[in-house]
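S.K.:
Residue numbers (our numbering), protein chains in the order written: chain D, 4 to 254; chain Y, 2 to 448.
1. From Y:152, Y:102, Y:373, Y:224, pick the residue whose C-alpha is nearest to that of residue 185 of chain Y; which is it?
2. Run through DSSP, which three-state label would residue 80 of chain D get?
3. Please list the residues of the stretch 161-182 of chain D that have a C-beta atom closer than 8 Å to any C-beta atom in chain Y, keeping them in chain order.
4. Tell me residue 377 of chain Y's beta-bridge partners as DSSP assigns them.
5. Out of curiosity, what's the CA-to-CA distance linking residue 64 of chain Y and residue 37 of chain Y?
6. Near residue 245 of chain Y, which residues of its chain fall below 6 Å by C-beta distance, leaving aside the five closest residues on each side in sequence?
7. Contact criterion: CB-CB distance below 9 Å. Does residue 384 of chain Y meet it with respect to chain D?
8. Classify residue 40 of chain Y: buried if its beta carbon has 16 or more other beta carbons within 10 angstroms, exposed otherwise.
9. Given residue 75 of chain Y, which residues of its chain have a CB within under 6 Å of its CB, disregarding the five upstream and five downstream residues?
10. Less than 9 Å between CB atoms is the rule here; does residue 412 of chain Y satisfy it with respect to chain D?
11. Helix, strand or coil for residue 112 of chain D, going by three-state DSSP, please let me know.
12. With DSSP collapsed to three states, give me the class of residue 281 of chain Y.
13. Which one or two residues does DSSP pair with residue 220 of chain Y in a beta bridge?
14. So, at 8 Å on beta carbons, what are the nonlocal neighbours of residue 101 of chain D in its own chain, with the 5 sequence-adjacent residues on each side left out?
15. Using three-state DSSP, classify residue 443 of chain Y as helix, strand or coil.
16. Does the stretch 308-316 of chain Y touch the stretch 280-296 of chain Y, meaning 3 or more C-beta pairs lie closer than 8 Å?
17. Under 8 Å Cβ-Cβ, which residues of chain Y neighbour residue 15 of chain D?
18. Is any beta-carbon of chain D found at less than 9 Å from that of residue 396 of chain Y?
19. Starting from residue 233 of chain Y and walking both ways along the beta strand (DSSP E), at which residues does that stretch end?
20. For residue 304 of chain Y versus residue 332 of chain Y, is the C-beta distance shorter than 9 Å?
21. On the DSSP letters alone, give me the boundaries of the beta strand (DSSP E) that residue 160 of chain Y sits inside.
22. When DSSP builds the beta bridges, which residues end up paired with residue 243 of chain Y?
23. Output, in chain order, the set of chain Y residues within a Cβ distance shorter than 7 Å of residue 95 of chain D.
24. Three or more beta-carbon pairs under 8 Å between the stretch 47-65 of chain D and the stretch 104-119 of chain D, yes or no?
25. At a CB-CB cut-off below 7 Å, which residues of chain Y make contact with residue 158 of chain D?
26. Would residue 316 of chain Y count as contacting chain D if we go by Cβ distances under 9 Å?
27. Which of helix, strand or coil does DSSP assign to residue 357 of chain Y?
28. To the nearest angstrom, how far is it from the Cα of residue 100 of chain Y to the Cα of residue 159 of chain Y?
29. Spell out whether any CB of chain Y is found under 9 Å from the CB atom of residue 101 of chain D.
30. Mind the definition here: the stretch 234-250 of chain Y touches the stretch 407-421 of chain Y only if three or more C-beta pairs lie below 8 Å; say whether that holds.
31. Residues in the same chain with beta-carbon distance under 6 Å from residue 289 of chain Y, minus the five sequence neighbours each way, listed in chain order, please.
32. Hey, could you find the ends of the alpha helix (DSSP H) residue 73 of chain D is sitting in?
33. What are the boundary residues of the alpha helix (DSSP H) that residue 392 of chain Y is part of?
34. Identify which residue in Y:91, Y:228, Y:123 has its Cα closest to the Cα of residue 170 of chain Y.
35. Rounded to whole angstroms, how far is the Cβ of residue 134 of chain D from the Cβ of residue 160 of chain D, which I believe are closer than 8 Å?
36. Give me the chain Y residues within the contact set of residue 80 of chain D, using Cβ-Cβ distance strictly less than 7 Å, ordered along the chain.
The structure is reproduced here in structure tokens:
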């Protein structure tokens, strides 16, 4: 599904990704862990085409297409979704109008007619249940005045609406209480099908206990330095990152 | 005094023609206004309140006038079809500066309410005119008001007697209609007596592809405990130059809600002077300007808190694209002894290009010590983070820009209390941002 080869990227003059190689097959869940500042969020931002970051070399192929050549909106239409670490507030734009625009642009891209207002509202109602999102939030401006937990739930609600094939969850568990974490993680599980894949960026084992990843990677200083099975996350939870740094010959 | 000369000559040559085709109650003030105009001339950029608009240059071209009051053939319903659906308004037309009485609105006015030609009211009821006309709009203060007063022959009167609360909105369509380049001088007098309430909607349109120059003076008296909602919507073409001077007098416990929307225009200069002459009054002044190409909109406002215990709230928002130029200057004056004044003034602007220019000047002058006042302004661009967030969800850059710009401007429209009008303006705003406004079915230019 996604194949990343020797990806380098920088923000301003600062090189952050220094040769990422990663292959994700259909149906797989990958977790990316790593110390703060190692480049996890940058990797997700580069994949969805955030203009703040510049790719200096390397390739990323998504379902056979050159991902890096596509506009951010087309990457979305092709099935790529990012749950933002810090969802953006958009005053004055209602959730309903925002989602309708997103859904209908995707349909247009796929050569389908726009949804009728009735069908659209029905879809909203249905998908809200996935993350138990209150109806009141749907009538408010996008993320405006939402609590931290509501913002994250809203991200997963949007994921449910757009039905992506590859979702990147960037620290979706940060700032969540235990119950909200469970709702969000179970929401992600409900949306999982054999045709969809997922990249989970997290610091903590507890999210991975619900969303069970197949493969765990450790990202450090812009490179994937270690890859393993689910047991690697437990090891990191227990021992931190120092032993991995030691393994690769650092203090 | 180059620009002024043709108007001075015109008045000298055509004085009797102007007088003969108007009413004596209106003629009484003309010579005085002429003297003031000769003395003042057009305001130049050296005058603080006019520093953002080159007035003499805009008055320099030679325009035709209709001093003989010839009928200009027009079918207003044909020229203007963009009425507000689901909104039962009492619809009136003013063609150039002439009250159009060949059609009367469906429905009756409440007893005592007058909506009529200024010239006719002046002939029938000179005492009324003498009491109110040219009292707020002082000719010695403003060259454009002086010019309007010396040349205006007709216009509109809205009179709502004591304690009459009008349910239906009065809608007045001002149509620019001429086969030659044309100047009109329109005059409006609004009197809302004690305890009365009225909502007035002015829609300015141009029906012909000519150069138009319009001066307009609106005087509004809002009596004790009365309420005036005044909506001004401009949707004219690029060759249109408009000077509108609005003067409002508020008595105690009165309420004024003003919403000025410039959707499409050429050059527009709006001057608004509001004076609180009694305690407990309030005003809400909103404005929304959408401009692109080389359009120019200059809103200049003075809110004079002459008495205490009044509150004023100002919010103006501009969205500027291409090489357009916007200006906003709002001066809130809290006079000595006007204690317990509450005032807030905000001007927010979006410049979409590096070439678009916005001049903003919120001003607060306070001579009392127990007041709550604030003012502020911003000029900026669309939020990049929000744009990217929307694009990640599949919304194209142009659609994301539209949604953000629309949300920005809609804050002003959302203040409108008349729901069908609000909906209609949302619709027009959307068309405007999508560049479809010029293709509107009501506009003769695109047929």
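Beta carbons: idealized from backbone N, C-alpha and C, even for Gly.
M.R.: Taking the definition as stated:
1. In the second chain, counting from the first residue as 1, residue 185 of chain Y sits at position 184. Checking every option, the nearest Cα to that of residue 185 of chain Y belongs to Y:152.
2. Looking up residue 80 of chain D in the first chain gives position 77. Here DSSP, grouped into helix, strand and coil, assigns residue 80 of chain D to helix.
3. Taking 8 Å as the Cβ-Cβ cut-off against chain Y, the residues of the stretch 161-182 of chain D that qualify are 161, 165.
4. As a first step, residue 377 of chain Y is located in the second chain; it is residue number 376 there, counting from the start. The bridge partners DSSP lists for residue 377 of chain Y are Y:347.
5. Here the question's residue 64 of chain Y lines up with position 63 in the second chain. Here the question's residue 37 of chain Y lines up with position 36 in the second chain. The alpha-carbon atoms of residue 64 of chain Y and residue 37 of chain Y are separated by roughly 22 Å.
6. For the purposes of this step, residue 245 of chain Y is taken as residue 244 along the second chain, with counting starting at 1. Taking C-beta separations shorter than 6 Å and ignoring five residues to either side along the sequence, the partners of residue 245 of chain Y in its chain run 217, 271, following chain order.
7. The sequence position of residue 384 of chain Y within the second chain is 383, counting from 1. Taking Cβ atoms only, chain D reaches closer than 9 Å to residue 384 of chain Y, which makes this a yes.
8. Along the second chain, one-based indexing puts residue 40 of chain Y at 39. Looking at its Cβ environment, which holds fewer than 16 other Cβ atoms inside 10 Å, residue 40 of chain Y is exposed.
9. Against the second chain, residue 75 of chain Y aligns to sequence position 74. Only residues of its own chain outside the window of five on either side were considered, and among them 96, 178 have a CB closer than 6 Å to the CB of residue 75 of chain Y, listed in chain order.
10. Here residue 412 of chain Y refers to the residue found at position 411 of the second chain. Residue-level contact check: residue 412 of chain Y touches chain D, since one or more beta carbons of chain D fall below 9 Å from its beta carbon.
11. Here residue 112 of chain D corresponds to residue number 109 of the first chain, with the count starting at 1. Look at residue 112 of chain D here: in three-state DSSP terms it is helix.
12. Residue 281 of chain Y sits at position 280 when you count from the first residue of the second chain. Coil, per DSSP.
13. Position 219 of the second chain holds residue 220 of chain Y. Residue pairing by DSSP places residue 220 of chain Y opposite Y:190, Y:248 in a beta bridge.
14. The residue given as residue 101 of chain D occupies position 98 in the first chain. Close CB contacts of residue 101 of chain D within its chain, under the 8 Å cut and outside five residues either way in sequence, are with 93, 145 (chain order).
15. Here the question's residue 443 of chain Y lines up with position 442 in the second chain. With a pLDDT of only 47 at residue 443 of chain Y, under 50, the local geometry of the prediction cannot be trusted, and the value read off the model is given with reservation. Note: residue 443 of chain Y maps to coil in three-state DSSP.
16. Counting Cβ pairs under 8 Å, three or more are found: they touch.
17. Here residue 15 of chain D corresponds to residue number 12 of the first chain, with the count starting at 1. Here the premise fails: no neighbours, minimum Cβ distance about 15 Å.
18. Counting from one through the second chain, the residue named residue 396 of chain Y turns up at place 395. Flagged as an interface residue toward chain D: residue 396 of chain Y, by a C-beta distance shorter than 9 Å.
19. Here residue 233 of chain Y corresponds to residue number 232 of the second chain, with the count starting at 1. Segment 228-236, the beta strand (DSSP E) holding residue 233 of chain Y.
20. Sequence index remark: in the second chain, residue 304 of chain Y carries index 303 (1-based). Sequence index remark: in the second chain, residue 332 of chain Y carries index 331 (1-based). Yes. Within cutoff.
21. Position 159 of the second chain, counting from 1, holds the residue named residue 160 of chain Y. Counting along the chain, the unbroken beta strand (DSSP E) around residue 160 of chain Y starts and ends at 155-161.
22. Position 242 of the second chain holds residue 243 of chain Y. DSSP output for residue 243 of chain Y lists Y:215, Y:269 as bridge partner(s).
23. Position 92 of the first chain holds residue 95 of chain D. Correct list: 408, 409, 411, 412.
24. Fewer than three Cβ pairs drawn from the stretch 47-65 of chain D and the stretch 104-119 of chain D lie within less than 8 Å of each other, which leaves the two stretches out of contact.
25. By 1-based counting over the first chain, the position of residue 158 of chain D is 155. Within 7 Å Cβ-Cβ: nothing; residue 158 of chain D doesn't reach chain Y, min ~10 Å.
26. Taking the first residue of the second chain as position 1, residue 316 of chain Y is located at position 315. With its beta carbon at least 9 Å from every one in chain D, residue 316 of chain Y lies outside the interface.
27. For this step, residue 357 of chain Y is matched to residue 356 along the second chain. Residue 357 of chain Y falls in the coil class under three-state DSSP.
28. Reading the second chain from its first residue, position 99 is the one you call residue 100 of chain Y. Reading the second chain from its first residue, position 158 is the one you call residue 159 of chain Y. Residue 100 of chain Y and residue 159 of chain Y: Cα-Cα distance of roughly 12 Å.
29. One-based indexing of the first chain puts residue 101 of chain D at position 98. Yes, residue 101 of chain D lies at the interface with chain Y (some Cβ there is under 9 Å from its Cβ).
30. As far as the Cβ criterion goes, the stretch 234-250 of chain Y does not touch the stretch 407-421 of chain Y, which means the pair count is below three.
31. Taking the first residue of the second chain as 1, we reach residue 289 of chain Y at position 288. So the qualifying residues of the chain are 262, 318, 410, 413.
32. In the first chain, counting from the first residue as 1, residue 73 of chain D sits at position 70. In the DSSP assignment, residue 73 of chain D falls outside any alpha helix (DSSP H) and carries neither an H nor an E.
33. Within the second chain, the letter at position 391 stands for residue 392 of chain Y. That run of the alpha helix (DSSP H) goes 385-393.
34. Numbered from 1 along the second chain, position 169 holds the residue referred to as residue 170 of chain Y. Answer by Cα proximity: Y:91.
35. As a working mapping, residue 134 of chain D is identified with position 131 in the first chain. As a working mapping, residue 160 of chain D is identified with position 157 in the first chain. The beta-carbon separation of residue 134 of chain D and residue 160 of chain D, rounded to 5 Å, stays under the 8 Å limit for a contact.
36. Looking up residue 80 of chain D in the first chain gives position 77. By Cβ distance, chain Y contributes 395.
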